[in-house]
Amino acid sequence: MPNTTTDPLAKYNAKRDFAKTAEPAGTLEPGHGNRFIVQKHDASRLHWDFRIEVDGVLKSWAVTRGPSIDPDQKRLAVRTEDHPMSYADFEGTIPAGEYGGGTVMLWDSGTWSPIEGKSAKDIEKGHLHFVLDGERMKGEWILIRLKPRGKEKGENWLLRKVEDAESGGTDTLVETGLTSVSTGRTMVEIAEGAKPKSSPAREGGPSAFSADGGGGGPAARRSRPAPSTTSLKKAGGPPLPVPGGGFQEPQLCTLVDSVPTGSQWLHEVKYDGYRAQIAVANGKATVFTRSGLDWTEKFQAIADAAAKLAVKSALIDGEIVAFKDGKPDFSTLKNAIANGGDMTFFAFDLLQLDSEDLTGLANLARKERLAPLIDGKDPRIQYSDHIIGQGGQLFETMCREGYEGVVSKRADAPYRGKRTQAWLKIKCTHRQEFVIVGWTPSTKSRGFAALLLGLNGPDGLRYAGKVGTGFDTATMLDLQARLAKIERKTPTVTAPRAAVRGAHWVSPKLVAEVAYAETTPDGVLRHSSFLGLREDKAAGEVVAETPVALDAPEIHIKVSSRDRVIFPESNITKGELADYYAAVSGIMLPWAGNRPISLVRCPQGRAKACFFQKHDAGSFQGDHVHKVPIREKDGSSEDYLYVDDADGLVACVQMGTIEFHGWGSSVETLEQPDRMVFDLDPDEELGFDVVKKAAVDLKEHLAELGLVSFALLSGGKGVHVVVPLTPKAEWPAVKDFADRFARALGEVEPDRFVATMSKAKRKGRIFIDWLRNQRGSTAVLPYVARARPGAPVAAPVSWSELREIETAGRWSVRDAAELIARAASRDLAGWGVADQVLPDL
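Quick note: the working numbering has the sequence shown finishing at residue 916, numbered continuously throughout.
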């Protein structure tokens, strides 16, 4: 027997014939690094080999079902022999008949460290508590050794994720991590000896602040030609040309009371600073405030850094901040502006690049174009990273760490120069801008006791209270000088006499940012603190910010005949159906909004005459249901329907709609699909278990090609296998791929699958309906009600959940609250989102 006491790699070497296998021979390496890797290993049984660097070797465990980021999942991890450090870069095929014969993929790579107070020596005690920072595995984990049972000689351990911001769905990692982090190849490509790809394919996992974080989103947008270069006037001078195309009206956030749920949202840190746009062209940069003022001189260091970006021209949106104790701080920023201190521009959006207008692209697609421009080497220009889904966990972390809050953005939304609900802000503490309307004198010889504040309302300025803390001496003297210049004799607000006794009034021109604990019933601040002046915002724009209830959108459509029964079997009315669509609009619109739709209209209820409608026939009044002209095969143009808000959905219900079916592309990328759908339509004799097994098999076949897919209960008889795509390939290529994929499965397993629509040929088999993937065809959309008994809905599910579900109509329109809660669950984190393109077939 080899002496493993003196040579920890003796067992490794003894198991292998290095004349036959390409695996590296085991030799000890000096040093005490902290690398970890995971290798996906398709040997006699598929497993994931988890290895960490300890004392010059890789301590190793075979994880039978792969690592899970669900803290409730404990994955069996069988301890194996130590491996040499050189094995950390091994990817290839071990010959059949040799130890571990099969395909090996480098599935993850990064660094590890024991948590504070622990060390690698704990392995010998039977436990290890550690943190990972890999491409896929991140955050806190635990390994625990199980007591041996009977005559067991091997060591069985359990690998478990610790609850943190990196937690997620049960099988999210193994189902979305389909390619090598080193070569970008799938397991099949590695087995076939395919050449490494130029860059690894990126999959949409739930890792926090992943630059790719899930990819192109449910509806990435196509770019349009750039508008002509604009110009702005500098005060007192003629119009000057502005590099990069000039200032554009910024998209603004709506304040809401909770973080939106679901993988269709990306979440960023809310920075405590000044909103700014930077226009770059020909080695020069201009910095604009949110209102379009040229403040380049105030932010000259940032402009100088931006001017060095490797672009011909660009218009970048972001936030300028200054740090105090490692966190953005508004007061510190004010001092930095006044005294030339250090400041950082966090770039979060890209509106133009090299004369191309990007505002029509999806949010996530714009960020993907932005990220490569900013390498992070210059501290004055940084990329504002994000996470996909799990916004609630990020919000809790930001509040705990003392940050201002979170900004949540629809991943698929284009850029709009106005305030919309596609961009939301959620604040940890109450703070907003107020107009300074006066001040009360101090009993001290200098300064003032408090500033008097106001807000604009429908009847003009109203009194909003006072702020008397948060001023240092320099700030107070500066404010006193400014206030003296705009002092007036009469007040601009009506206020309680006791609160403003002895007040000095000023013209309402200055804007203060104020933090406060709460407001009284009549809207007066309590426990307020001054944060700084907002010179980038006009006093006339300052109004009260009231959080909107996110899951209760305001509906402006009147629904008539609300008591009409639409589903007679369950006594569900037209009013209930309208309320359902209004309630789930937040989780449905990312998939159904801004894409051509066909409607199933049943004006007298689902049991009466129903019909499809895809063109605008003049039925819809008002501006809630939109039209998009689309060229037909004969060269003519027809107006198709689409919606983009809850009112649009309800307006369709008002006209008798029950079902919404959508194109595989958005109105912005009509000719480039952003998804494929394979509808598994079973023969009536087949049970749902057979359909589930077929869906899982399709998922596995797609995974072999490097494509991540997701399960959607149809609400009818079957399951839809949904494949997100970055919209690059055009309809003929997507149709051809779907056709050949379905037919190939039908040829390989003719007893199970058929790729033709014929009912006669479907006997005892499942029709793989690939026909949804051609221009003009539609498929039912997530969360859509079906015109079937019981009002079932099409519902996203994870592959893990699908195992336990017994019917494709598991949820109905009366389950809106559960569906909304599910959209934020671990199981659905990242559902439907992946940055991927069609492979060669």
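Glycine is no exception: its CB is placed at the ideal position from the N, C-alpha and C atoms.
Assumed close pair residue i, residue j - CB separation to whole angstroms, cut-off 8 Å
{"i": "residue 600", "j": "residue 589", "result": "7 Å"}
{"i": "residue 130", "j": "residue 113", "result": "The Cβ separation is near 20 Å, so there is no contact."}
{"i": "residue 745", "j": "residue 705", "result": "7 Å"}
{"i": "residue 907", "j": "residue 338", "result": "6 Å"}
{"i": "residue 580", "j": "residue 485", "result": "At roughly 44 Å, the Cβ-Cβ gap does not stay under 8 Å, so residue 580 and residue 485 are not in contact."}
{"i": "residue 753", "j": "residue 913", "result": "About 14 Å separates the two Cβ atoms, so there is no contact after all."}
Cα-Cα separation, residue i to residue j
{"i": "residue 291", "j": "residue 153", "result": "Since pLDDT at residue 291 reaches only 30, below the 50 mark, its modelled position is unreliable, and the value read off the structure follows with that caveat. Each residue's Cα considered, the two are about 37 Å apart."}
{"i": "residue 376", "j": "residue 347", "result": "19 Å"}
{"i": "residue 80", "j": "residue 220", "result": "Legend: pLDDT at residue 80 = 49, less than 50; position of this residue unreliable, no value from coordinates given."}
{"i": "residue 169", "j": "residue 884", "result": "45 Å"}
{"i": "residue 319", "j": "residue 336", "result": "For residue 319, the predicted structure reports a pLDDT of 44, less than 50, and the residue's modelled location is therefore unreliable. A value from the coordinates is still provided. Approximately 35 Å, taken between the alpha carbons."}
{"i": "residue 196", "j": "residue 117", "result": "31 Å"}
{"i": "residue 381", "j": "residue 395", "result": "13 Å"}
{"i": "residue 416", "j": "residue 522", "result": "26 Å"}
{"i": "residue 246", "j": "residue 463", "result": "17 Å"}
{"i": "residue 190", "j": "residue 200", "result": "16 Å"}
{"i": "residue 269", "j": "residue 243", "result": "32 Å"}
{"i": "residue 275", "j": "residue 205", "result": "At residue 275, the pLDDT of 42 sits below 50, so the modelled position is not reliable; the number obtained from the coordinates is stated separately. In a straight line, the C-alpha of residue 275 is about 27 Å away from that of residue 205."}
{"i": "residue 92", "j": "residue 86", "result": "12 Å"}
{"i": "residue 822", "j": "residue 872", "result": "29 Å"}
{"i": "residue 551", "j": "residue 621", "result": "29 Å"}
{"i": "residue 387", "j": "residue 428", "result": "8 Å"}
{"i": "residue 302", "j": "residue 865", "result": "Reliability of the predicted coordinates at residue 302 is poor, the pLDDT of 26 falling under 50, and the value obtained from them is presented with this limitation in mind. Straight-line Cα distance between these residues: approximately 51 Å."}
{"i": "residue 309", "j": "residue 369", "result": "Per-residue confidence for residue 309 stands at a pLDDT of 28, beneath the threshold of 50, marking its modelled position as unreliable; no derived number is given."}
{"i": "residue 279", "j": "residue 910", "result": "Note that residue 279 has pLDDT 36, beneath the 50 cutoff, so the model's placement of it is unreliable and the number below is only indicative. Each residue's Cα considered, the two are about 6 Å apart."}
{"i": "residue 820", "j": "residue 770", "result": "12 Å"}
{"i": "residue 207", "j": "residue 237", "result": "11 Å"}
{"i": "residue 468", "j": "residue 761", "result": "42 Å"}
{"i": "residue 877", "j": "residue 271", "result": "34 Å"}
{"i": "residue 554", "j": "residue 514", "result": "10 Å"}
{"i": "residue 211", "j": "residue 682", "result": "49 Å"}
{"i": "residue 156", "j": "residue 424", "result": "48 Å"}
{"i": "residue 779", "j": "residue 728", "result": "41 Å"}
{"i": "residue 838", "j": "residue 887", "result": "29 Å"}
{"i": "residue 349", "j": "residue 393", "result": "9 Å"}
{"i": "residue 630", "j": "residue 849", "result": "34 Å"}
Selected residue, minimal CA-CA separation from residue i, among the options
{"i": "residue 409", "options": "880, 487, 901 and 546", "result": "546"}
{"i": "residue 334", "options": "497, 165, 192 and 759", "result": "497"}
{"i": "residue 869", "options": "877, 604 and 855", "result": "855"}
{"i": "residue 731", "options": "782, 231 and 676", "result": "676"}
{"i": "residue 804", "options": "614, 217, 739 and 792", "result": "739"}
{"i": "residue 896", "options": "750, 809, 880 and 659", "result": "659"}
{"i": "residue 859", "options": "205, 655, 110 and 180", "result": "655"}
{"i": "residue 637", "options": "405, 651 and 691", "result": "651"}
{"i": "residue 817", "options": "809, 479, 845 and 798", "result": "845"}
{"i": "residue 529", "options": "687, 666, 583 and 759", "result": "583"}
{"i": "residue 499", "options": "483, 513 and 342", "result": "483"}
{"i": "residue 475", "options": "708, 450, 504 and 447", "result": "504"}
{"i": "residue 917", "options": "444, 558 and 449", "result": "In the structure displayed, the chain extends from 76 to 916; residue 917 sits before or after that span and is not available."}
{"i": "residue 542", "options": "575, 894 and 455", "result": "575"}
{"i": "residue 326", "options": "492, 473 and 213", "result": "492"}
{"i": "residue 403", "options": "435, 351 and 344", "result": "344"}
{"i": "residue 418", "options": "390, 479 and 351", "result": "351"}
{"i": "residue 323", "options": "426, 378, 109 and 735", "result": "426"}
{"i": "residue 511", "options": "490, 558 and 356", "result": "558"}
{"i": "residue 834", "options": "758, 861, 789 and 785", "result": "758"}
{"i": "residue 923", "options": "461, 649, 413 and 438", "result": "The first residue shown for the chain is 76 and the last is 916, placing residue 923 beyond what the model contains."}
Residue i - partner residues in DSSP beta bridges
{"i": "residue 860", "result": "868"}
{"i": "residue 392", "result": "352 and 424"}
{"i": "residue 168", "result": "178"}
{"i": "residue 751", "result": "798"}
{"i": "residue 786", "result": "796 and 872"}
{"i": "residue 590", "result": "506 and 604"}
{"i": "residue 580", "result": "513 and 563"}
Interface flag, residue i vs chain C, CB-CB below 7 Å
{"i": "residue 893", "result": "Of the chains in the structure shown, none is chain C; there is only one protein chain."}
Residue i: CB within 6 Å of a non-hydrogen atom of the ligand FMN
{"i": "residue 734", "result": "The model on display carries no ligand, and the ligand FMN is accordingly not part of it."}
_Measuring CB atoms only, is the segment 762-778 touching the segment 791-808, in the sense that at least three cross pairs come out at less than 8 Å?_
Contact holds: three or more Cβ-Cβ distances are below 8 Å.
*Counting pairs of Cβ atoms below 8 Å between the segment 143-153 and the segment 163-179, do you hit three or more?*
A contact between stretches requires three or more CB pairs, one per stretch, nearer than 8 Å, and the segment 143-153 fails this requirement with the segment 163-179.
*Inter-stretch contact at 8 Å, needing at least 3 Cβ pairs: the segment 594-611 / the segment 531-542*: At 8 Å Cβ cutoff, the stretches touch.
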